[in-house]
Amino acid sequence: MVQPEPIAQNLGELLERVPATGASVGIALDGDADRVGIIDETGRFVTTLDVFSLLALYLLETKGWRGSLIKGVTASQALNKMGSLYGVDVHEVRVGFKHMGPRMDELNALMAGEESGGFAFRGHVPERDGILSGLFVLEYMAKSGKTVSQLLANLFEKVGPHYYHRRDIEFASSERDRINQRVNDPGLDRLGHYSVTSSDSIDGRRLHFEDGWLAVRFSGTEPLLRIYAEASSPERVDGLLDAAAEYLGV
1 MVQPEPIAQN LGELLERVPA TGASVGIALD GDADRVGIID ETGRFVTTLD VFSLLALYLL
61 ETKGWRGSLI KGVTASQALN KMGSLYGVDV HEVRVGFKHM GPRMDELNAL MAGEESGGFA
121 FRGHVPERDG ILSGLFVLEY MAKSGKTVSQ LLANLFEKVG PHYYHRRDIE FASSERDRIN
181 QRVNDPGLDR LGHYSVTSSD SIDGRRLHFE DGWLAVRFSG TEPLLRIYAE ASSPERVDGL
241 LDAAAEYLGV
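Throughout the sequence shown, residue numbering follows UniProt numbering, covering 1 to 250 in sequence.
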């Protein structure tokens with residue numbers, strides 16, 4: 001069965017065809033075109049968090065637009081650094097555009113987005129639009145004369161490297177309470193080798209570390225436990241995810 005979510009594991013054919021045909025970029029949409037997936041000229045999938053950061057950088061730096069950024073709790077901390085660089089506020093809300101849309105209207109925000117690859121823009125509807133997101137990526141490439149990989153390198157020069165991964169874990173419904181107790185343990189101050197510096201419960205539980213963060217939340221649409229991590233290296237991301245899975249017993 002064809003999976004409609006525009007994420008790396010569902011885009012094998014496109015990942016191969018972009019470099020094989022010499023294409024500059026690959027753009028994938030989900031079934032109703034509200035989410036976007038981007039593949040660079042080498043056939044590498046660009047994480048949705050990096051796409052969010054690229055779009056925000058384009059609007060702020062190249063277009064010179066200003067306004068608040070609205071992000072879900074599982075979006076990149078690179079956006080917070082970008083907010084400081086360009087003097088705009090960054091607001092965090094629960095995952096889902098039922099939370100982001102009203103906040104976007106309230107603040108007349110420049111952009112809102114979430115880890116799923118859905119982004120909304122001021123002057124358009126306060127809802128996800130994958131087609132417009134893809135068009136902005138193309139416009140960024142055209143105006144800058146840069147490839148997607150070069151745009152990513154420019155992003156990392158400004159806000160530092162940010163690497164991210166998400167694991168989706170199926171669980172038995174009978175395990176939900178046990179997992180919840182572990183997730184919300186108020187005494188949790190260490191995860192494997194990593195010391196927790198702070199935490200919040202805006203949506204699920206998010207743990208902050210000296211070099212990154214990890215979030216755990218139950219999917220609102222599927223029987224899945226989602227574990228997200230962002231850090232300055234892929235190895236640290238994997239380490240955080242492994243430590244969380246071991247701690248939660250999943």
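Glycine is no exception: its CB is placed at the ideal position from the N, C-alpha and C atoms.
For Gly249 and Phe171, the rounded distance between their alpha carbons:
Straight-line Cα distance between these residues: approximately 10 Å.
From the DSSP output, in three-state form, read off His124 for me.
Coil at His124, not helix or strand.
Quick check for students: name the residue ranges of the beta strand (DSSP E) that lie wholly in the stretch 102-148, counting only runs of 3 or more.
Correct list: 111-114 and 118-121.
Which same chain residues, not among the five before or five after Asp200, have their C-beta less than 7 Å away from its C-beta?
Arg206.
Return yes when the Cβ of Gly192 is within less than 8 Å of the Cβ of Gly239, no when it is not.
In this structure, the beta-carbon distance from Gly239 to Gly192 falls below 8 Å.
Candidates Gly31, Thr62, Ala23 and Ser219: which alpha carbon is nearest Arg44's?
Nearest option by C-alpha distance: Ala23.
Find out if the Cβ-Cβ distance for the pair Val90, Glu114 is shorter than 8 Å.
Contact flag unset, no.
Using beta-carbon positions only, say whether Val51 and Ile39 come within less than 8 Å of one another.
Remark: C-beta atoms of Val51 and Ile39 do not approach each other more closely than 8 Å.
For the structure I just gave you, are there three or more beta carbon pairs, one from the stretch 157-169 and one from the stretch 226-238, closer than 8 Å?
Enough Cβ pairs lie closer than 8 Å, so yes.
Could you check the C-alpha separation between Glu246 and Ile169 for me, to the nearest Å?
Spanning the two alpha carbons is a distance of roughly 12 Å.
Helix, strand or coil at Ile70 [DSSP, three-state]:
DSSP places Ile70 in strand when its eight states are reduced to three.
Pairs of beta-carbons, one from the stretch 64-77 and one from the stretch 110-124, closer than 8 Å: are there three or more?
Short answer: they touch.
Ser54 and Leu155: beta carbons closer than 8 Å?
A quick correction: the sequence has Leu, not Ser, at residue 54. Taking 8 Å as the Cβ cut-off, Leu54 and Leu155 qualify as a contacting pair.
Where does Asp200 fall in DSSP's three states?
Three-state result, Asp200: strand.
Extent of the continuous beta strand (DSSP E) to which residue 321 belongs:
Because the chain spans 1 through 250 in this model, residue 321 falls outside it and cannot be assessed.
Under the three-state DSSP convention, the category Arg44 falls into
In the three-state DSSP reduction, Arg44 falls in the coil class, being neither helix nor strand.
Leu107 and Met82 - do their beta-carbons sit closer together than 8 Å?
Taking the C-beta atoms as reference points, Leu107 is found no nearer than 8 Å to Met82.
How big is the Cα-Cα spacing for Ala75 and Leu49?
Rounded to the nearest angstrom, the two C-alpha atoms are 6 Å apart.
Express the C-alpha separation of Met104 and Ile27 in angstroms, rounding to a whole number.
Ile27 and Met104: Cα-Cα distance of roughly 26 Å.
Are the CB atoms of Tyr194 and Ala215 nearer to each other than 8 Å?
Going by C-beta atoms, Tyr194 is not nearer than 8 Å to Ala215.
Count the other CB atoms within 10 Å of the CB of Ser173; is the residue buried (16 or more) or exposed (fewer)?
It is exposed - the Cβ of Ser173 has fewer than 16 other Cβ atoms within 10 Å.
Buried versus exposed call for Arg190 [16 or more other C-beta atoms within 10 Å across all chains shown]:
With fewer than 16 other Cβ atoms within 10 Å, it is exposed.
Residues in the same chain with beta-carbon distance under 6 Å from Gly130, minus the five sequence neighbours each way, listed in chain order, please.
For Gly130, where only same-chain residues beyond five positions count, the Cβ hits under 6 Å are Leu29, Ala33, Asp34, Arg35 and Val36.
Nonlocal neighbours in the same chain, by C-beta distance under 7 Å from Leu59, ignoring five residues either side
Cβ-Cβ distances below 7 Å link Leu59 to Trp65, Leu110 and Met111 in the same chain, with the five nearest sequence neighbours on each side left out; the list follows chain order.
According to DSSP, simplified to helix, strand and coil, what is His193?
Of the three classes helix, strand and coil, the one that applies to His193 here is coil, per DSSP.
6 Å CB neighbourhood of Leu188 in its chain, flanking five on each side removed:
Excluding the 5 residues flanking it on each side, Leu188 has no same chain C-beta neighbour closer than 6 Å.
Find the nearest neighbour of Arg128 within the set Gly87, Ser116 and Asn80, judged by alpha-carbon distance.
Restricting attention to Gly87, Ser116 and Asn80, the CA atom closest to the CA of Arg128 is found in Ser116.
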